[in-house]
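Scroll down for the structure; my scribbles are underneath it.
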Amino acid sequence: MNHKQQPFSAREVFEAYDRIRDYVYLTPLEPSIYLGKETGRQYYFKLECNQTVKSFKIRGALSKMTTLTEEERKIGVATISSGNHGASVSYGAKLLGIENAKVIVPETTPQAKIDKIQFYGADALLMGRNYDEAHALGMSYIQENGLTYIDAYYDDPKIYGGQGTIAVEILKQNSSVDTIVVPIGGGGLITGIAVAAKAIKPEIRIIGVQTEACPAMIKSFSDHVFYEEYPVTGDTICDALVGGVGKLAYEILEDYVDDFIQVKERSIRKAVKHMIKEEKYIVEGASAAAVAAVMDEAERIGGKNIALIMSGGNIDGNLMVELLKEKL
52 MNHKQQPFSA
62 REVFEAYDRI
72 RDYVYLTPLE
82 PSIYLGKETG
92 RQYYFKLECN
102 QTVKSFKIRG
112 ALSKMTTLTE
122 EERKIGVATI
132 SSGNHGASVS
142 YGAKLLGIEN
152 AKVIVPETTP
162 QAKIDKIQFY
172 GADALLMGRN
182 YDEAHALGMS
192 YIQENGLTYI
202 DAYYDDPKIY
212 GGQGTIAVEI
222 LKQNSSVDTI
232 VVPIGGGGLI
242 TGIAVAAKAI
252 KPEIRIIGVQ
262 TEACPAMIKS
272 FSDHVFYEEY
282 PVTGDTICDA
292 LVGGVGKLAY
302 EILEDYVDDF
312 IQVKERSIRK
322 AVKHMIKEEK
332 YIVEGASAAA
342 VAAVMDEAER
352 IGGKNIALIM
362 SGGNIDGNLM
372 VELLKEKL
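Position 173 of the sequence shown, counting from 1, maps to 224 under this note's numbering, and the rest follow consecutively.
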């Protein structure tokens, strides 16, 4: 594959791997008991849902924070996120001894999310009535206080590098893996994984998955338009997969991903239920999108040894109960 000069390369991933390996779990790569039984294919779950914050996002946050100078650490860090990224920055700051860590969230953020951020040690600052207002006010606050911004939208190569360390682990754990299936939100996770995996094993196939409720990356490439924002149509249980795409991902990803698959929300709901009831793993909707793709499009995905990225396990308890009761 002849790639043009890119603003992000596998070197960023390999350097991130060396920086963060002592701070993150080497998450298991567990074989599926049920998927692929009749096809002769072996599927493996890369259990990022087992990370401390129940999300892969700790990798990107730590990758960025481990590059800070002593002065930057002393002044402090900040991000704008009420979700997994905010909790990851809080936890990362605790691990690295960064005492001044701020996570800016909208005033409407559920208390449970604020509690999680504060549990790891950061201050949760409530600003604005929604995310857009929180972002505008938060960026002003960060600049005024000289804090280092830890990007929640993954347009920082250091963030991409951290996410890509998952691919390094997978191929160390099982070098026979020939296909990796990755859920896509903003694109930082799949970009890091794809660039690293193809540097290590050029013939490996990378499959990206999006929900039908918000196929922003798929539409960006089919329409040849960078959708920094994209509407959500209908109900979705994939909070982590909605919104627009990252500019850096848009510039790189088309050269590295072999196929993009759009899955139905009904299939994702069925996949969450399967993972809990049959495989015995608690995963969120974004993770289950990769499983849904296998259930609906196994022949299209192909491969013999296929790794599925279980990106997170932060599923709402009430939703989990609801899904288990559904007849799908």
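Don't be surprised by glycine CBs; every beta carbon is placed ideally from N, CA and C.
Where do the N-terminal and C-terminal ends of the beta strand (DSSP E) with Ala341 fall, by residue? For the purposes of this step, residue 341 is identified with residue 290 of the sequence shown, where counting begins at 1. Here Ala341 belongs to no beta strand (DSSP E); instead the alpha helix (DSSP H) covers 336-352.
Pull up the CB-CB distance for Ala381 and Gly172, whole angstroms please, since I reckon it's below 8 Å. Because the chain here runs from 52 to 379, residue 381 falls outside it and cannot be looked at.
Anticipated Cβ contact below 8 Å, Thr287 with Val293, distance rounded: Residue mapping note: residue 287 aligns to position 236 of the sequence shown, counting from 1. Residue mapping note: residue 293 aligns to position 242 of the sequence shown, counting from 1. Indeed they touch by this definition, with Cβ atoms about 6 Å apart.
Could you pull out every residue in the same chain whose Cβ sits closer than 7 Å to the Cβ of Pro224, ignoring the five residues on either side in sequence? As a first step, residue 224 is located in the sequence shown; it is residue number 173 there, counting from the start. As written in the sequence, residue 224 is Gln, which differs from the Pro given in the question. Contacts found: Leu80.
Checking 8 Å against the spacing of the C-beta atoms, do Val246 and Ile360 come in under that value? Residue mapping note: residue 246 aligns to position 195 of the sequence shown, counting from 1. Residue mapping note: residue 360 aligns to position 309 of the sequence shown, counting from 1. The Cβ atoms of Val246 and Ile360 lie no closer than 8 Å to each other.
Beta-carbon contacts of Gly237 that lie in its chain and below 8 Å, excluding the five residues immediately before and after: Against the sequence shown, residue 237 aligns to sequence position 186. Here the set comprises Tyr204, Tyr205, Gly294, Gly295, Val296, Gly297, Ala300.
Close-in-space but distant-in-sequence residues of the same chain around Ala402 (CB under 7 Å, 5 per side omitted): Since the first residue shown for the chain is 52 and the last is 379, residue 402 is missing from the structure and cannot be characterised.
I think Ile109 touches Ser139, with their Cβ atoms under 8 Å apart; what is that distance to the nearest whole Å? Along the sequence shown, one-based indexing puts residue 109 at 58. Along the sequence shown, one-based indexing puts residue 139 at 88. Ile109 to Ser139, Cβ: 4 Å. Contact.
Met178 and Ala144 closer than 8 Å at C-beta: On the sequence shown, position 127 is the one that residue 178 refers to. On the sequence shown, position 93 is the one that residue 144 refers to. Not in contact: Met178 and Ala144 (Cβ atoms no closer than 8 Å).
Just mark His275 as buried or exposed, buried being the case when its beta carbon has 16 or more other beta carbons within 10 Å. Looking up residue 275 in the sequence shown gives position 224. His275 should be labelled exposed.
Select from Gly336, His186, Ser114, Ser191 the residue whose C-alpha is nearest the C-alpha of Val64. The residue given as residue 64 occupies position 13 in the sequence shown. Out of Gly336, His186, Ser114, Ser191, Ser114 has the C-alpha closest to the C-alpha of Val64.
Looking at the secondary structure, which residues open and close the alpha helix (DSSP H) in which Arg62 lies? Taking the sequence shown and counting its residues from 1, one reaches residue 62 at position 11. Taken as a continuous stretch (DSSP letters only), the alpha helix (DSSP H) holding Arg62 covers 61-71.
Alpha carbon to alpha carbon, what distance is there between Phe311 and Phe272? Position 221 of the sequence shown, counted from the start, is the residue given in the question as residue 272. Position 260 of the sequence shown, counted from the start, is the residue given in the question as residue 311. If I take the Cα positions, the gap works out to 10 Å.
Taking the alpha-carbon of Glu329 as reference, which of Leu375, Asn356, Asp290 has the nearest alpha-carbon? Your numbering for residue 329 matches position 278 in the sequence shown. For Glu329, the closest of Leu375, Asn356, Asp290 by C-alpha to C-alpha distance is Leu375.
State yes or no: is the C-beta of Gln313 within less than 8 Å of the C-beta of Glu263? In the sequence shown, the residue the question calls residue 313 occupies position 262. In the sequence shown, the residue the question calls residue 263 occupies position 212. It is a contact, given that the beta carbons lie within the stated cut-off.
For Lys355, count neighbouring Cβ atoms within 10 angstroms of its own Cβ and tell me buried if that reaches 16, exposed if not. Translated into the one-based positions of the sequence shown, residue 355 becomes position 304. By the 10 Å Cβ count, Lys355 comes out exposed.
Other residues of its chain near Ser106: CB distance less than 6 Å, five sequence neighbours each side excluded: Position 55 of the sequence shown, counted from the first residue, corresponds to residue 106. Within the same chain, Ser106 has close Cβ partners Asn135, Gly363.
Looking at the secondary structure, which residues open and close the alpha helix (DSSP H) in which Phe272 lies? Looking up residue 272 in the sequence shown gives position 221. Residues 267-274.
Determine the direct distance from the alpha carbon of Ile244 to that of Ala218, and round the result to whole angstroms. In the sequence shown, the residue the question calls residue 218 occupies position 167. In the sequence shown, the residue the question calls residue 244 occupies position 193. Approximately 5 Å, taken between the alpha carbons.
Reduced DSSP secondary structure (H/G/I, E/B, other) of Leu198: The residue labelled residue 198 in the question sits at position 147 within the sequence shown. In the three-state scheme derived from DSSP, where H, G and I count as helix and E and B as strand, Leu198 is classed as coil.
Identify, in the order they occur along the chain, each residue of the same chain with its Cβ nearer than 7 Å to the Cβ of Val128, setting aside the five sequence neighbours on each side. Taking the sequence shown and counting its residues from 1, one reaches residue 128 at position 77. Within the same chain, Val128 has close Cβ partners Met116, Val140, Ala144, Ile149, Ala152, Leu198, Thr199, Ile201.
Give the secondary structure of Asp229 by DSSP, where H, G and I count as helix, E and B as strand, and everything else as coil. As a position in the sequence shown, residue 229 is number 178, starting the count at 1. Under the three-state reduction of DSSP output, Asp229 falls in the coil class, being neither helix nor strand.
Cutting at 7 Å between CB atoms, please list the residues of its own chain near Lys167, excluding the five before and the five after it. Working through the sequence shown from its first residue, we reach residue 167 at position 116. Hits under 7 Å: Ala138.
Assuming Glu302 and Pro58 form a contact by the criterion Cβ under 8 Å, report the distance between their Cβ atoms to the nearest whole angstrom. Residue mapping note: residue 302 aligns to position 251 of the sequence shown, counting from 1. Residue mapping note: residue 58 aligns to position 7 of the sequence shown, counting from 1. By a beta-carbon distance limit of 8 Å, Glu302 contacts Pro58. Their separation comes to about 7 Å.
May I ask which residues mark the beginning and end of the alpha helix (DSSP H) holding Glu81? Position 30 of the sequence shown, counting from 1, holds the residue named residue 81. Not the alpha helix (DSSP H): Glu81 falls in the beta strand (DSSP E), residues 80-82.
Hey, Leu86 and Val345: beta-carbon distance below 8 Å or not? Translated into positions along the sequence shown, residue 86 becomes position 35. Translated into positions along the sequence shown, residue 345 becomes position 294. The beta carbons of Leu86 and Val345 sit closer together than 8 Å.
Alpha-carbon to alpha-carbon, Leu119 and Ile221: Within the sequence shown, numbered from 1, the residue matching residue 221 stands at position 170. Within the sequence shown, numbered from 1, the residue matching residue 119 stands at position 68. Using only the alpha carbons, I get a separation of about 27 Å.
Going by C-alpha to C-alpha distance, which of Asp347, Thr130, Tyr74 sits closest to Gln194? Position 143 of the sequence shown, counted from the first residue, corresponds to residue 194. Residue Thr130 is the option with its Cα nearest to Gln194.
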